[in-house]
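One point on numbering: in full-length UniProt numbering, the residue at position 159 of the sequence shown is 159, and numbering is uninterrupted. Beta carbons are placed, not taken as given, at the ideal position from N, Cα and C, and that holds for glycine. None of the values given here were measured: they were computed from a predicted structure. Contents: one structure, followed by commentary.
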Amino acid sequence: MKPYGYVRARSVEEATAAHAAHPGARYLAGGTNLVDLMKHGVETPGTLVDVSRLPLDTVEEPPGGGLRVGATVRNSDLAAHPLVRERYPVLSQALLAGASGQLRNIATTGGNLLQRTRCPYFQDTGTPCNKRAPGTGCAAREGVHRDHAVLGHSPHCVATHPSDMAVALAALDATVELRGPDGERTVPVTEFHRLPGDHPERDTVVRPGELITAVVLPPGTAGLPSAYRKARDRASYAFALASVAAVLDVAGDGTVRHVALAFGGLAHRPWRARLAETALLGAAPTEDALAHAVEAELGLAQPLRDNAFKVPLARNLAHRVLSELAADRP
Numbered sequence: 001m002k003p004y005g006y007v008r009a010r011s012v013e014e015a016t017a018a019h020a021a022h023p024g025a026r027y028l029a030g031g032t033n034l035v036d037l038m039k040h041g042v043e044t045p046g047t048l049v050d051v052s053r054l055p056l057d058t059v060e061e062p063p064g065g066g067l068r069v070g071a072t073v074r075n076s077d078l079a080a081h082p083l084v085r086e087r088y089p090v091l092s093q094a095l096l097a098g099a100s101g102q103l104r105n106i107a108t109t110g111g112n113l114l115q116r117t118r119c120p121y122f123q124d125t126g127t128p129c130n131k132r133a134p135g136t137g138c139a140a141r142e143g144v145h146r147d148h149a150v151l152g153h154s155p156h157c158v159a160t161h162p163s164d165m166a167v168a169l170a171a172l173d174a175t176v177e178l179r180g181p182d183g184e185r186t187v188p189v190t191e192f193h194r195l196p197g198d199h200p201e202r203d204t205v206v207r208p209g210e211l212i213t214a215v216v217l218p219p220g221t222a223g224l225p226s227a228y229r230k231a232r233d234r235a236s237y238a239f240a241l242a243s244v245a246a247v248l249d250v251a252g253d254g255t256v257r258h259v260a261l262a263f264g265g266l267a268h269r270p271w272r273a274r275l276a277e278t279a280l281l282g283a284a285p286t287e288d289a290l291a292h293a294v295e296a297e298l299g300l301a302q303p304l305r306d307n308a309f310k311v312p313l314a315r316n317l318a319h320r321v322l323s324e325l326a327a328d329r330p
């Protein structure tokens with residue numbers, strides 16, 4: 001590891017000021033991803049601004065309903081929170097499906113959203129990678145890409161986003177609160193991560209110096225039937241080959257009045273299945289309707305040489321989760 005400076009921030013204002021004063025700085029909370037990348041030489045910040053002790057570690061109920069989750073709330077604490085388990089079970093399930101218990105005890109809400117791809121070419125500084133070193137090429141396209149994207153990729157990058165939590169947040173229509181040099185702003189989770197396009201090095205829409213302060217779960221999806229399902233190579237401690245987060249609310253007349261479907265492990269960001277949702281909204285959630293809707297979404301897939309299996313895998317996961325939610329309605 002290379003030498004770096006260290007600043008322990010005592011307030012959000014102090015953190016953003018310290019970041020601005022040290023070009024190339026990075027915020028540090030749990031460090032479960034950033035420190036690993038520093039060890040590999042992928043990240044080489046001149047200064048770390050420690051935000052782990054900021055007062056951003058609570059889950060609160062805003063006056064209008066929903067939940068406001070501080071950026072430094074640990075993944076284990078969020079998964080176990082009674083209100084999350086009661087009102088947003090898909091989020092609790094997704095968190096418990098991610099990493100190991102030890103990592104969940106350290107990893108934070110903000111850090112989980114900002115974690116970078118686990119593509120082996122990105123983590124190996126001896127190989128070409130446009131995400132790590134723009135303009136060098138994408139070794140994964142013709143190399144080992146079994147775990148890589150089938151949706152939304154570009155000639156410049158076929159990596160996938162590794163987060164389970166972010167997939168659930170996308171299905172819940174959560175928003176991210178940011179504070180930086182230009183003040184405060186809010187971004188929907190569905191717009192927080194970028195597709196690679198010509199600039200795969202830009203993972204998110206976070207502006208230089210901005211700090212995630214909270215994630216807000218809206219009242220509109222609180223209490224609706226929801227579930228998360230993940231397929232992986234081994235029973236635990238593995239990233240998703242494909243995952244599904246779904247919210248499905250069926251009205252008394254038997255038609256769908258709210259539906260949200262998001263895929264993980266298939267794209268550069270959590271993939272919100274808008275085509276599938278449009279097909280299901282207002283329809284009866286029959287087996288044929290569910291299958292047609294999911295097929296419409298995954299018809300957009302462009303698998304690579306060795307990862308076409310992800311398409312039927314994701315199709316089956318989504319169909320099963322949606323079918324179970326539809327069957328469990330009162």
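Per DSSP, the bridge partner or partners of E60: Sequence index remark: in the sequence shown, residue 60 carries index 60 (1-based). Answer is R68.
Exposure label - R234; buried when at least 16 CB within 10 Å: Here the question's residue 234 lines up with position 234 in the sequence shown. Exposed.
Through-space distance from E61 to A238, alpha-carbon basis: Locating residue 238 in the sequence shown gives position 238, counting from the first residue. Locating residue 61 in the sequence shown gives position 61, counting from the first residue. A238 and E61: Cα-Cα distance of roughly 33 angstroms.
Buried or exposed by the 16-neighbour rule on C-beta atoms within 10 Å, applied to Y228: Against the sequence shown, residue 228 aligns to sequence position 228. Looking at its Cβ environment, which holds 16 or more other Cβ atoms inside 10 Å, Y228 is buried.
Residue burial classification, F309 (beta-carbon count within 10 angstroms, cutoff 16): The residue you call residue 309 lines up with position 309 of the sequence shown. Per the 10 Å Cβ criterion, exposed.
8 angstroms CB neighbourhood of A99 in its chain, flanking five on each side removed: Taking the sequence shown and counting its residues from 1, the one referred to as residue 99 is at position 99. Hits under 8 angstroms: T32, N75, A107 and Y237.
Residue 335 in three-state terms, based on DSSP: For residue 335 there is no data in the structure shown, the boundaries of the chain being 1 and 330.
Segment contact flag, the segment 36 to 48 with the segment 78 to 89, C-beta cutoff 8 angstroms, min 3 pairs: no
Bridge partner(s) assigned by DSSP for S226: Residue numbering aside, residue 226 sits at position 226 when the sequence shown is read from its first letter. According to DSSP, which records beta bridges pairwise, S226 is partnered with V247.
Whole-angstrom C-beta distance between L217 and L67, which should lie under 8 angstroms: Working through the sequence shown from its first residue, we reach residue 67 at position 67. Working through the sequence shown from its first residue, we reach residue 217 at position 217. The pair is a contact, with the Cβ atoms about 4 angstroms apart (cut-off 8 angstroms).
Of the listed residues A318, P303, L313 and G223, nearest to E86 (C-alpha basis): Locating residue 86 in the sequence shown gives position 86, counting from the first residue. Ranking the options by Cα distance to E86, first place goes to G223.
Continuous alpha helix (DSSP H) stretch holding A327: start and end: As a position in the sequence shown, residue 327 is number 327, starting the count at 1. Its alpha helix (DSSP H) spans residues K310 to A327.
Per-residue DSSP class, three states only, for V176: Stepping through the sequence shown from its first residue, residue 176 is reached at position 176. Strand, per DSSP.
Assigned exposure category for K2 - 16 Cβ within 10 Å defines buried: As a working mapping, residue 2 is identified with position 2 in the sequence shown. Looking at its Cβ environment, which holds fewer than 16 other Cβ atoms inside 10 Å, K2 is exposed.
Separation of L96 from L325, as counted between CA atoms: Within the sequence shown, residue 325 is the residue found at index 325, counting from 1. Within the sequence shown, residue 96 is the residue found at index 96, counting from 1. Answer to the nearest angstrom: the Cα atoms are 19 angstroms apart.
DSSP beta-bridge partners of G264: As a first step, residue 264 must be located in the sequence shown, where it is residue number 264. S243.
Proximity below 8 angstroms, CB of T186 to CB of V176: In the sequence shown, counting from the first residue as 1, residue 186 sits at position 186. In the sequence shown, counting from the first residue as 1, residue 176 sits at position 176. In this structure, V176 lies closer than 8 angstroms to T186 by Cβ.
Spatial neighbours of H148 in its chain, beta-carbon cut-off 8 angstroms, leaving aside the 5 residues before and after: Counting from 1 along the sequence shown, the entry for residue 148 is found at position 148. Once the five neighbours on either side are set aside, the close Cβ partners of H148 are C119, A140, V158, A159, T160, L304 and N307.
G110 - DSSP class collapsed to helix/strand/coil: Taking the first residue of the sequence shown as 1, we reach residue 110 at position 110. It is helical.
Identity of the residues DSSP links to Y6 by a beta bridge: For this step, residue 6 is matched to residue 6 along the sequence shown. Paired residues: L48.
Inter-residue Cα distance where the pair is D124 and L37: Locating residue 124 in the sequence shown gives position 124, counting from the first residue. Locating residue 37 in the sequence shown gives position 37, counting from the first residue. Answer to the nearest angstrom: the Cα atoms are 10 angstroms apart.
Close-in-space but distant-in-sequence residues of the same chain around K131 (CB under 7 angstroms, 5 per side omitted): Residue mapping note: residue 131 aligns to position 131 of the sequence shown, counting from 1. T117, F122, C157, A159, P200 and E201, listed in sequence order.
C-alpha gap between E295 and R315, whole angstroms: Along the sequence shown, one-based indexing puts residue 295 at 295. Along the sequence shown, one-based indexing puts residue 315 at 315. If I take the Cα positions, the gap works out to 7 angstroms.
Cβ neighbour criterion (16 or more within 10 Å) applied to D164: Position 164 of the sequence shown, counting from 1, holds the residue named residue 164. By the 10 Å Cβ count, D164 comes out buried.
Selection from V69, V167, A293 and H292 that minimises the alpha carbon distance to G110: Within the sequence shown, residue 110 is the residue found at index 110, counting from 1. When only C-alpha atoms are compared, the closest one is V69.
Proximity below 8 angstroms, CB of G209 to CB of G180: The residue you call residue 209 lines up with position 209 of the sequence shown. The residue you call residue 180 lines up with position 180 of the sequence shown. Yes, the pair counts as a contact, with Cβ atoms nearer than the cut-off.
G183: first and last residue of the uninterrupted beta strand (DSSP E) it sits in: In the sequence shown, the residue the question calls residue 183 occupies position 183. Unbroken beta strand (DSSP E) run through G183: G183 to P188.
Alpha-carbon spacing of L103 relative to D253, whole angstroms: For the purposes of this step, residue 103 is taken as the residue at position 103 of the sequence shown. For the purposes of this step, residue 253 is taken as the residue at position 253 of the sequence shown. For L103 and D253, the distance between alpha carbons rounds to 44 angstroms.
Assigned secondary structure, A301 (DSSP; H/G/I helix, E/B strand, else coil): The residue given as residue 301 occupies position 301 in the sequence shown. Correct three-state label for A301: coil.
CA nearest to the CA of A94, picked from V144, G265 and P155: Mapped onto the sequence shown, residue 94 falls at position 94. The shortest Cα separation from A94 among V144, G265 and P155 belongs to G265.
Buried/exposed call for S11, threshold 16 Cβ in 10 Å: Position 11 of the sequence shown, counted from the first residue, corresponds to residue 11. The residue in question, S11, is exposed, as its Cβ has fewer than 16 Cβ neighbours within 10 Å.
Alpha carbon of V84 to alpha carbon of L290, nearest angstrom: As a position in the sequence shown, residue 84 is number 84, starting the count at 1. As a position in the sequence shown, residue 290 is number 290, starting the count at 1. The straight-line gap from Cα to Cα measures roughly 27 angstroms.
Y121 - containing beta strand (DSSP E), residue span: Working through the sequence shown from its first residue, we reach residue 121 at position 121. Segment P120 to Q123 is the alpha helix (DSSP H) holding Y121; no beta strand (DSSP E) there.
CA-to-CA distance, V256 to T286, given in whole angstroms: Translated into positions along the sequence shown, residue 286 becomes position 286. Translated into positions along the sequence shown, residue 256 becomes position 256. Going by the C-alpha atoms only, they are around 10 angstroms apart.
DSSP beta-bridge partners of H19: Residue numbering aside, residue 19 sits at position 19 when the sequence shown is read from its first letter. According to DSSP, H19 bridges with nothing at all.
Rounded C-alpha distance that separates L195 from P55: Here residue 195 refers to the residue found at position 195 when the sequence shown is read from its first residue. Here residue 55 refers to the residue found at position 55 when the sequence shown is read from its first residue. L195 and P55: Cα-Cα distance of roughly 32 angstroms.
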